[in-house]
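Chemist: After the C-alpha cells below, expect a handful of questions from me.
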Amino acid sequence: MATLPKETASNLNETRSSGGIRHYAPLRSVPKSWIIIAVFFYCASLLTVGLLVGLVPRRTQYVTVLATATRPPKTTETIETTETTETTETTETTETASTTTKSATCIDDECNPRLVSDLIVHSYELEYIYNDTTQTTVQGKVTIEFTLKQPTKQLIYHAQGFARLEEPALYEDGVYRLVSMRKYIPNDYLSLRGIADDLFPPNRYRLVQQFAVQLTDTFTGFYQSTYQDKDETMGKLLGAKLRPTNARKAFPCFDEPQLKAQFKISIIHPQNTIALSNFRIIEETNENNVIQTRFADTFRMSTYIATWAILTDTYGKKLDDPDEPQVTVWARREPTEKNQTAFALEIALNSITFYEEYFSVSEALPIKIDILAINNFASVAMESSGLVSFREDRITYNEKTMSTYQKLQVANIVAHEIGHSWFGNYVTCKWWDDLWFSEAMVSWLCRKPLDINYPDWNIDVQALTDDVILAMWEDAKPSSHAIVVKNVTGVSEILDYLDLLTYTKGVSVLRMLEFIATPDKFRSGLQDYLMVNAFDVGDLNMFYDQLLNNTNGTQFMKSWLEEPNYPLLYVQLTVENSDTTLTFTQSRYILSSALNSSHLDKNYRWKIHIKCILGGNSSDFDTNHRNSDTIDFILEKEQDTVNLPGTSYSWIKCNQNFQGFHVTQYSFPTATWQRFTSVIEAQPTFFSIEDKVNLMQDTFLLAYKGLIDYAEPLRIIRSLTKIHMTEYVHWRTFQWHWDTLAELIDYLPNTLTKFRDFAIQQVLANDVTLDYILSPDVDDNHNEKLVKSILFALLCRMNHPDAIQRASQLFKSIPIAHFNDSDVAIGVAADFLSDVYKYHLQNDDNEADWNNMYNYYQVTTSTHEKTRALIAISSTNNKDRLSKLLNEGLIGGPNTIKRQDYFPMMGHMSRHAIGRETVWSFYKENYSNLANTFTLENRPFTTAIASITRSFEKESFLHEMLDLFLQHPNAGTGGEAARQQAIDQVKMNIEWVKSRESSLRDAFDTISRH
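Residue numbers (the UniProt record's numbering): 1 to 1010.
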C-alpha cells in the first residue's frame, strides 16, 4: 500500500484498519523519552494558556483549539453542519476541552457572500478512504496550501453538510498556529481566528482537516449510484459532480471559480473496483484487501472541475489504443459489448484533433481523457478536466433504436464537453456571471469539428433551429433576463441564471459576433485569449475589443449581454425621383401586448449590425438589379437614414444570412412581403438557406404580435414548398412555429380543420406520398433522413388519417418480445419509432398494447427507449390509465414511474386535451402531497407548472392558477420564475385567441383563393 503523507503519519500518529477506521497507536509503542518531553511541554503549555485566558476576553462563539505551538492537537470532536440556530456544545478530547458554536449571525467578512480576493490557493491534497462497497460514508482528509497577500482577522473557507468535520490544523510558514473556528451556515463558511484575535499576516499557510462525507443519491457533491446491466446484475458507482458550488460538500475548500489550484488526489478503494480522477494513475498498491490509487498532480483547476469516480472492474470500456490510450469510454457492459460507445469515441478523437489545431493549444488536455457514462445521471454531462461524465443515453448510439437527430445530439454533446477542456477548464470564468461565455462558446464551437468531419450534416446552419429561434421566443417576454446578471451568489441564483435562455441566446450572440468580426479574426482572437489567460481566469473585454474595428467591442457586447429582450428593426424603403431612401428605426420587441413591460427601459438602444441587400426596380421590381447595393453599418441610436441617389429599388432584405439577433419589419411602397415570395419563386437559390429561415421567423413573430397579417408567413411557407423545400432547417422552422400554434388551436374548433389542412398540403406538395416518407433509402443522406422524420411527425400531429393508420400498422408489426427488452429486429426505422409508439397509443385504446408499453418502460435498459415509452403511455386518451400513472407514481415503488420521470410525464400528458384536464386536476388537488413527497427544493416539481399550463387559453384557467399560488405562496427553488413564466404564457394565449385567431383563420381563406 502506498504510504500516507508524512504529515498524517507524524502529526496524527494513526494507523489504518481494514475497515477504514483510524486508531491511535498504543501508548506503549512510544519511547519513554518522548513521553517525558511531551509531559514537560504539556505542562508548560497549560501555564501559558492559563495566562492568556486571563488576559484575553473569551469569545464563546468560536471553537477554541488549545495546544502547543509545535504540533496540532489530537481530537475526536465531531462538528455537525446542519444546525441553523445558535447553540453551544462542549466535547472532551484526549488533550483539552473545546467549545463549538453554530451561528446564523455573521461577523465581519462572514457577512460577505464572496471570499476575500487577496488570496492565492496553491494546491489541494485530497485523500479518500472507501474500504467497503456497503459504506454510505467516506473518510477524507484535505491539505490546502495557500498564500495570504493582505493581513486579515478571519480566514474563511467553505464546508457544507459533512457527516463529520474535525478541527483543522493551521500552519503558517511551517509553524503550527493556535486558532479558533466557527461556522456561518448561510454562506457555508468555516471561519478561523487567531486565539488572541490577532491578524493573520501575509504569508504562506497550510491547512489540514479531516472529515467524513455522507454519499448522496442526488448526483451532486460526492454521490453514489446503482445500475443494472442486461443480465440483471446490479452495480454501484461513486462519483463527484461539483458544479457549481458542490465542491464544499466533498471537501473543505475555497469554493469559488477564480481560485484555481493544483490537485493531488489519492483514493483508497476496495478490491475489484477501479478508481479514476482528472489525471492519470501514477501508482497503485494493493494491501489488506484494499487498493490505494494515486493520481498525477493536475494543472491549476477551479474546485468545481475536480472529480473522481470509483466503479466496479466489470464496467465496460472502449479505448482508442489498447497500449497507450488517449481516450477511454467507460459504460455499462451491455452498451459497451454492443459497440454502442464507438461513435462517442470517434467524435471525441475527431474533436480533440480539431480543437488542438483550431486553437493552436494542446497543453489544455491531460495526457488521458476518460469519458464516463452513468445511467440516470442527473445532468446531461459534467466537463471535469480529464474525466468527463455523461448521462448514458447522451453518449451511447444504438443504430437500431436511435434516430438521426439523436445521433446528432450525441455528437454535439461529446464535442461540446471536449471543447470545455479549453473554455472552462484551461481558461475559467472569474465568477458565475461570466459562465455563460464558456458554455455558449463551446455550444457554438462544437459545431466546427462536426462540420469538418461530417460535411453533409450542414451542422452550422442548425444553430438557427437549435438555438436562435428558441432564444428569440423566450427572450421576447418582459420576464426574460439578461445573459450577464451581476451579483449572482447563491446556488439557487446560479442555477436560475444558467437556464436554457442563457445557453441559446449566448450562442446566438457569439454567432453574430463571429459573422461581424469574420471567422479568421474570431479564431485569432480566441487563440490570443487562451494564450494570455492560460491556466487562469479570462478577461472577456480584452477578447471583445480586439475583434471589432468600427465600434468598441466591449460596449457592443454589453448592449446585447446586459439587457433582456432584443430589438425590432423597422426598415422603411421609399423612392422619389429615382432616389432610394432607407430609414432604420429600432425599438424593443415584446411578443404580446398582454404582458406588462412597464419596468423595461423604453429608451434602451442596442448596437445593431445592419447588413442588407437591395433589389428590384420600377420596371422589373422584384428580381432585377440583384446584389447591386449592400448596406453594412452599426445602428447605435433610435433611428438612422441612408440615401442612395440615382437608383430606385423595390425591396431590401436585412439581417443577411440571419446573422443578427433581432426581428425585422419592412415597409415598401407596395406589396411589401410579396416582394420576397416573388424572388423566392423566380430565383429559388438567390436567398441563402439562412435568409429563408429568417423570413419565416420574422413573419411568424410579427404575425403573432399582430404587426402583420398571418397571410404573410403562410405565403412564405407556400412559396418554399412550391420550389421543393428540402432543407431540414426550413422544415424544422415551420414545424416549430406550427407546433407552438397547435398547442392553442387544438382547443379552437373553428380554426382547427383549416390549420391542419394547410400543414398537410405543404407536406404532401410536389407529389410527396406517405410511402415515400416512410420508405428509408440507403442513399438518403443525413438531411433527407431528418426531413422525412419531420414530415411524418407533422402528418401525425395534424391527425392525418392515413398517417395515424400507418403508425398503428407499424406498431402492431413490432414483435411482442421487443417490449420485453429482447434484442429482436423490429422492422421500424428509428427515425419514426417515437411517433409510431405515441400516436398508436393515443388513437387506439388497446389495453394490452398500453400495458406492454408500460412494461417496456419498466424493463428496458435503454434510456432512449425508456423516454419513448414514457411519452407513449402519457399520450393515451384513457383517463383511468393516466390517473393510474399519476397516483402510483406519487406513492412510488419499484413498478411505477421513476421519480426523475414523474414531472416530465406530467408535461407529456398536458400536450393533449384529456391529459391536460387530468394533470391539472391532479396537480391542484395533490399540491401539498406533491410538495411533501418531492420537497420544495426539487426543481422538476417547482418548475413543472410552466409545462403543465402551457396551453391554457381561458381566463378561468388563469384564475385557478392565481388561486393555487395564493394558497401555496412558497414556490420553492426556482419556482417563482417558473410561476411567472406560466402566468405570462397563459396571458399571451388568452390575448392571442382574442386578437389573432380570426386573423389566422381568415389568412387560410385568403391563401386558398390565390
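The beta carbon of each residue, even a glycine, is placed where N, CA and C say it ideally should be.
Every value quoted in this text rests on a predicted model; they were computed, and no experiment measured them.
Could you tell me which residues DSSP pairs with E172 in its beta bridges?
Modeler: DSSP, once it has assigned bridges, lists V175 and Y205 as partnering E172.
Chemist: Nearest-angstrom Cα distance between I891 and D217?
Modeler: Roughly 19 Å separates the two Cα atoms.
Chemist: Excluding the 5 residues preceding and the 5 following W992 in the sequence, name in chain order all residues of the same chain whose CB lies nearer than 6 Å to its CB.
Modeler: Cβ within range, chain order: n/a, list empty.
Chemist: For V575, which beta-bridge partners are listed by DSSP?
Modeler: BP columns for V575 point to T580.
Chemist: Would you report the Cα separation of R979 and L207, rounded to the nearest angstrom?
Modeler: R979 and L207: Cα-Cα distance of roughly 45 Å.
Chemist: With DSSP as the reference, label D1005 as helix, strand or coil.
Modeler: Helix.
Chemist: Check whether the Cβ atoms of Q292 and I268 sit closer than 8 Å, and answer yes or no.
Modeler: Cβ atoms of Q292 and I268: closer than 8 Å.
Chemist: Give the straight-line distance between the Cα atoms of R204 and E256, rounded to the nearest whole angstrom.
Modeler: Rounded to whole angstroms, R204 to E256 spans 19 Å at the Cα level.
Chemist: What does the alpha-carbon distance come out to for the pair N278 and F251?
Modeler: Approximately 16 Å between the Cα atoms of the pair.
Chemist: Mapping the DSSP letters down to three states, classify K994 as helix, strand or coil.
Modeler: Helix, per DSSP.
Chemist: Would you kindly work out how many angstroms separate the C-alpha atoms of S225 and Y189, rounded to a whole number?
Modeler: About 28 Å.
Chemist: How would you call S389, buried or exposed, if buried means at least 16 neighbouring beta carbons within 10 angstroms?
Modeler: Result: buried.
Chemist: DSSP state of E256, grouped into three classes?
Modeler: Looking at E256 - three-state DSSP - the assignment turns out to be coil, as it is neither helix nor strand.
Chemist: Helix, strand or coil, according to DSSP, for C111 in the structure here?
Modeler: The answer is helix: DSSP assigns C111 an H, G or I state.
Chemist: Whole-angstrom Cβ separation of Y227 and G235, contact assumed at under 8 Å?
Modeler: With 8 Å as the limit, Y227 and G235 qualify as a contact, their Cβ atoms being about 5 Å apart.
Chemist: Between which two residues does the alpha helix (DSSP H) holding V859 run?
Modeler: Start and end: E847 to V859.
Chemist: From A275 to K407, what distance separates their C-alpha atoms?
Modeler: So the two alpha carbons sit approximately 30 Å from each other.
Chemist: For D984, count neighbouring Cβ atoms within 10 angstroms of its own Cβ and tell me buried if that reaches 16, exposed if not.
Modeler: With 16 or more Cβ atoms within 10 Å of its Cβ, D984 is classed as buried.
Chemist: Taking the alpha helix (DSSP H) that Q761 belongs to, which residues open and close that run?
Modeler: Q761 -> alpha helix (DSSP H) spans P749 to V763.
Chemist: Which same chain residues, not among the five before or five after M441, have their C-beta less than 7 Å away from its C-beta?
Modeler: Cβ within range, chain order: F423 and L510.
Chemist: Taking only three categories from DSSP, how would you classify I483?
Modeler: Correct three-state label for I483: coil.
Chemist: Should Q809 be labelled buried (16 or more other beta-carbon atoms within 10 Å of its own) or exposed?
Modeler: When all chains shown are included, Q809 counts as exposed.
Chemist: Which residues mark the beginning and the end of the alpha helix (DSSP H) in which F390 is found?
Modeler: Premise fails: F390 lies in the beta strand (DSSP E), L387 to R391, not in any alpha helix (DSSP H).
Chemist: Kindly indicate the opening and closing residues of the beta strand (DSSP E) around Y126.
Modeler: Residue 126 is actually Leu in this sequence, not Tyr. Start and end: L119 to I129.
Chemist: Classify I945: buried if its beta carbon has 16 or more other beta carbons within 10 angstroms, exposed otherwise.
Modeler: Counting Cβ neighbours within 10 Å, I945 comes out buried, since at least 16 surround it.
Chemist: Taking H959 as part of the alpha helix (DSSP H), name the residues at either end of that continuous run.
Modeler: Taken as a continuous stretch (DSSP letters only), the alpha helix (DSSP H) holding H959 covers E955 to Q967.
Chemist: Ordered along the chain, which non-local residues of its own chain (more than five positions away) have a Cβ less than 8 Å from that of A869?
Modeler: Answer for A869: Y837, M853, Y854, Y856, Y857 and T860, listed in chain order.
Chemist: With a threshold of 16 other CB atoms inside 10 Å of the CB of K260, please say whether the residue is buried or exposed.
Modeler: Buried.
Chemist: Report yes or no: do the region 486 to 496 and the region 567 to 583 share at least 3 C-beta pairs separated by less than 8 Å?
Modeler: Not touching, per the Cβ criterion.
Chemist: Give me the Cα-Cα distance between K607 and E562, rounded to the nearest whole angstrom.
Modeler: About 12 Å.
Chemist: For S598, which of helix, strand or coil comes out of DSSP?
Modeler: Reduced to three states, the DSSP call for S598 is coil.
Chemist: By DSSP, does G972 sit in helix, in strand, or in coil?
Modeler: Note: G972 maps to coil in three-state DSSP.
Chemist: Which value, in whole angstroms, describes the spacing of the CA atoms of L741 and L435?
Modeler: Each residue's Cα considered, the two are about 34 Å apart.
Chemist: For T867, does the three-state DSSP call read helix, strand or coil?
Modeler: Residue state, collapsed to three classes: helix.
Chemist: Mind checking who I613 pairs with in its DSSP beta bridge?
Modeler: T630 and K653.
Chemist: Could you compute how far the alpha carbon of L500 sits from the alpha carbon of T647?
Modeler: If I take the Cα positions, the gap works out to 45 Å.
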